[in-house]
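Notes for the one structure printed next.
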């Protein structure tokens with residue numbers, strides 16, 4: 001993770017799907033220059049995190065770096081969580097687990113959990129297909145851990161990335 005020290009608030013930055021801590025390369029220095037502490041995390045199997053996709057069986061496992069960061073926060077420290085895109089669901093899970101350690105949460109063009117519903121319900125609903133089959137263009141579907149309870153995965157293709165994301 002990218003960390004910095006200083007006074008002010010402690011910001012924890014959580015990337016979106018198919019990203020990593022690197023995506024905060026402009027925001028993190030600005031927050032530090034304003035006197036804040038910043039930790040930009042790589043979720044499991046993302047960015048520079050060492051886990052492979054097939055080693056991350058659940059959303060909780062994917063979110064573990066954020067959950068660990070909150071668990072490690074000193075008593076009395078209240079963090080500002082910032083999540084982009086899918087990172088919003090990571091924030092919601094962390095807020096559910098550690099409500100007293102969160103001063104504020106910023107959902108930046110982010111997924112949000114339904115009010116009053118447990119995160120498990122939200123994550124199950126996000127996993128359901130809701131798009132036309134041609135939406136993913138040149139992306140490739142695959143199955144992870146076919147011998148241990150198969151999990152679907154998608155490798156996003158360059159045409160999709162250029163046309164719909166960047």
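Residue numbers (the UniProt record's numbering): 1 to 166.
Quick reminder that beta carbons are idealized off the backbone N, C-alpha and C, glycines included.
From residue 152 to residue 144, what does the alpha carbon distance come to, in whole angstroms?
Counting from 1 along the chain shown, the entry for residue 152 is found at position 152. Counting from 1 along the chain shown, the entry for residue 144 is found at position 144. Each residue's alpha carbon lies about 6 Å from the other.
Assign residue 154 to one of two classes, buried (16 or more other C-beta atoms within 10 Å of its C-beta) or exposed (fewer than that).
One-based indexing of the chain shown puts residue 154 at position 154. Exposed.
When you compare the CB positions of residue 109 and residue 89, do they come within less than 9 Å of one another, or not?
Counting from one through the chain shown, the residue named residue 109 turns up at place 109. Counting from one through the chain shown, the residue named residue 89 turns up at place 89. Their beta carbons are not under 9 Å apart, which means residue 109 does not touch residue 89 by this criterion.
Roughly how many angstroms lie between the CA atoms of residue 87 and residue 137, to the nearest whole one?
Here residue 87 corresponds to residue number 87 of the chain shown, with the count starting at 1. Here residue 137 corresponds to residue number 137 of the chain shown, with the count starting at 1. Going by the C-alpha atoms only, they are around 24 Å apart.
Using a Cβ-Cβ cut-off of 8 Å (strictly less than) and excluding sequence neighbours within five positions of residue 21, which residues of its own chain qualify?
Taking the first residue of the chain shown as 1, we reach residue 21 at position 21. So the list reads 1, 2, 13, 15, 40, 41, 42, 47 and 48, once near-sequence residues are dropped.
Do you know offhand how far residue 96's Cα is from residue 31's?
In the chain shown, the residue the question calls residue 96 occupies position 96. In the chain shown, the residue the question calls residue 31 occupies position 31. Taking the straight line from one Cα to the other gives about 26 Å.
Between the Cα of residue 37 and the Cα atoms of 78, 101, 8 and 162, which residue gives the shortest distance?
Here residue 37 corresponds to residue number 37 of the chain shown, with the count starting at 1. Taking only the C-alpha atoms, the option nearest residue 37 is 8.
How big is the Cα-Cα spacing for residue 106 and residue 28?
Position 106 of the chain shown, counted from the start, is the residue given in the question as residue 106. Position 28 of the chain shown, counted from the start, is the residue given in the question as residue 28. Distance between the alpha carbons of residue 106 and residue 28: 14 Å.
Express the C-alpha separation of residue 68 and residue 77 in angstroms, rounding to a whole number.
Within the chain shown, the letter at position 77 stands for residue 77. Within the chain shown, the letter at position 68 stands for residue 68. When rounded, the separation of the alpha-carbon atoms in residue 77 and residue 68 is 14 Å.
Let me check you understand the geometry: is the CB of residue 101 closer than 8 Å to at least one non-hydrogen atom of the ligand NAD?
Annotation note on the ligand NAD: not contained in the displayed structure, which lists no ligands.
Quick test of your reading: residue 101 and residue 66, contact by CB under 8 Å. State the CB separation rounded to the nearest angstrom.
Walking along the chain shown from the start, residue 101 turns up at place 101. Walking along the chain shown from the start, residue 66 turns up at place 66. With a Cβ gap of about 11 Å, residue 101 and residue 66 do not count as contacting.
Whose C-alpha, out of 114, 135, 62 and 33, is nearest the C-alpha of residue 18?
Sequence index remark: in the chain shown, residue 18 carries index 18 (1-based). For the residues 114, 135, 62 and 33, the minimum Cα distance to residue 18 belongs to 62.
Could you spell out the range, first to last residue, of the beta strand (DSSP E) harbouring residue 83?
Position 83 of the chain shown, counting from 1, holds the residue named residue 83. Residues 79 to 85.
Kindly list the residues whose CB is nearer than 7 Å to the CB of residue 139, restricted to its own chain and excluding five residues on each side of it in sequence; keep chain order.
Here the question's residue 139 lines up with position 139 in the chain shown. Short of 7 Å from the beta carbon of residue 139, and not among the five residues preceding or following it, lie these beta carbons of its own chain, in chain order: 154, 155, 156, 157 and 160.
Can you give me the start and stop residues for the beta strand (DSSP E) that residue 37 sits inside?
Translated into the one-based positions of the chain shown, residue 37 becomes position 37. Note, residue 37: beta strand (DSSP E), 37 to 41.
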